[in-house]
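Okay, so the sequence shown: first residue is 1 according to the UniProt record's numbering, each after it adds one. The C-beta atom is built at its ideal place from N, Cα and C for all residues, glycine as well. Single-structure report; data block below.
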Amino acid sequence: FALFHRCSPGSVVVALEASVLHSFAVSNLRGLYVYKDEAGAIFYLRLCVGDDRSVRLVAHGVRSPGPSVTEQLVRLLAKRVLALSVEALSTVLIKNRRFSWKVEDVDFVAKFHEQLSAVDETRRSERDAREYILPAHVYDPIAILLFFRQNLRGSTFFHRLLGPVGDAEAKDVDIQHAPSTEIETDSSGIFIPSVDDKEFLFFYNNTPVPVDKEFQPVSTLTTKGAEFMRKAGNGVAIVQVSVVSDGETRAVGALPKLEQQQLHMPVQSLRMEQLPRDSLGGACGTKLVVKVTNTTLDSDAL
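Here it is in structure tokens:
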């Protein structure tokens, strides 16, 4: 079993023995386990650490082990190794919310669903994308994005992802960025700032840490948010938020030309509309796009 770089081989062996192999333990021989397969053959099992920091399952017996060992037990151990890897990354993120991700960390999260599907066909952890049409009355989508980021980071579960994401892209990790808005100036001197998409790249860790005072003085976590947090379960996810423009130039801080000083419109017209998944990328208008690269979390709750 190849290990995530933040996992200690010795700790993984101890965890696997305690959680998976403990019922097969030989009482007077530490680290040795006995197993009887479906054909009645008896095998002695042990876990050892390889020179490449991998963990190997060694089976000793008169005959070759059957599918209950080579497939079922191996899949069970592989699933547990993946869970331990997520726990190791989560622990690091708890200790330091400004933790700088390495390429291996981003790569692990981005490809987690492939590894999980290989050992558990019933579990799916696909990348998830949601698109929301911004109301036509929203003339400053970048401001909406900034307010969204402020509230998101105030929940104590979402934090900005720091690290060499550009290097990760070179390794074919599926972290994509929308084109940045060009700097323009209108007649009133109001400009459209260049939007760095990495400013809106977050990670979610289902263990709260103190609010980052630099961006949000108090927590914005609501009772409903706490309920969704409990439903999401344990795990880590990468969340990318971006605005896809319809091509119309919209200046930050520029007020629309109104005949009246006040806006008169129903509240419903100011709500975002979520697009069905089968029509993603096809609708016109300015859209808020949220992409989630998940591990073991409930994607819908997240």
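Environment of residue i [buried if 16+ CB atoms lie within 10 Å]
{"i": "glutamine 72", "result": "exposed"}
{"i": "glutamine 240", "result": "buried"}
{"i": "phenylalanine 147", "result": "exposed"}
{"i": "threonine 207", "result": "exposed"}
{"i": "lysine 36", "result": "exposed"}
{"i": "asparagine 205", "result": "buried"}
{"i": "proline 141", "result": "buried"}
{"i": "histidine 137", "result": "exposed"}
{"i": "valine 218", "result": "exposed"}
{"i": "lysine 95", "result": "exposed"}
{"i": "threonine 223", "result": "exposed"}
{"i": "valine 109", "result": "buried"}
{"i": "leucine 16", "result": "buried"}
{"i": "glycine 50", "result": "exposed"}
{"i": "histidine 22", "result": "exposed"}
{"i": "proline 65", "result": "buried"}
{"i": "cysteine 48", "result": "exposed"}
Simplified DSSP assignment, three categories, for residue i
{"i": "threonine 293", "result": "strand"}
{"i": "serine 64", "result": "coil"}
{"i": "phenylalanine 43", "result": "strand"}
{"i": "aspartate 300", "result": "coil"}
{"i": "glutamate 199", "result": "helix"}
{"i": "histidine 159", "result": "strand"}
{"i": "glutamate 71", "result": "helix"}
{"i": "asparagine 151", "result": "helix"}
{"i": "glutamate 273", "result": "strand"}
{"i": "isoleucine 192", "result": "Only weak support exists for where isoleucine 192 lies, its pLDDT of 46 falling under 50; the value from the coordinates is given anyway. Strand, per DSSP."}
{"i": "valine 81", "result": "helix"}
{"i": "arginine 53", "result": "coil"}
{"i": "leucine 288", "result": "strand"}
{"i": "serine 23", "result": "helix"}
{"i": "serine 219", "result": "coil"}
{"i": "serine 11", "result": "helix"}
{"i": "alanine 59", "result": "strand"}
{"i": "alanine 237", "result": "strand"}
9 Å Cβ cutoff met for residue i and residue j
{"i": "aspartate 128", "j": "asparagine 294", "result": "yes"}
{"i": "valine 289", "j": "arginine 149", "result": "no"}
{"i": "glutamate 104", "j": "histidine 5", "result": "yes"}
{"i": "phenylalanine 202", "j": "leucine 302", "result": "no"}
{"i": "valine 14", "j": "leucine 3", "result": "no"}
{"i": "leucine 152", "j": "isoleucine 144", "result": "no"}
{"i": "lysine 287", "j": "leucine 275", "result": "yes"}
{"i": "glycine 163", "j": "lysine 102", "result": "yes"}
{"i": "leucine 77", "j": "valine 26", "result": "no"}
{"i": "leucine 93", "j": "valine 243", "result": "no"}
heavy atom of the ligand NAD below 8 Å from residue i C-beta
{"i": "glutamate 114", "result": "As far as ligands go, the structure on display features none, and thus does not contain the ligand NAD."}
Sequence ranges, alpha helix (DSSP H) only - wholly within the stretch 84-141, length at least 4: 103-110, 112-119
Stretch-stretch touch, CB-based, cutoff 8 Å, three pairs: the stretch 283-301 with the stretch 223-241: yes
Three or more C-beta pairs below 8 Å linking the stretch 28-47 and the stretch 56-65: yes
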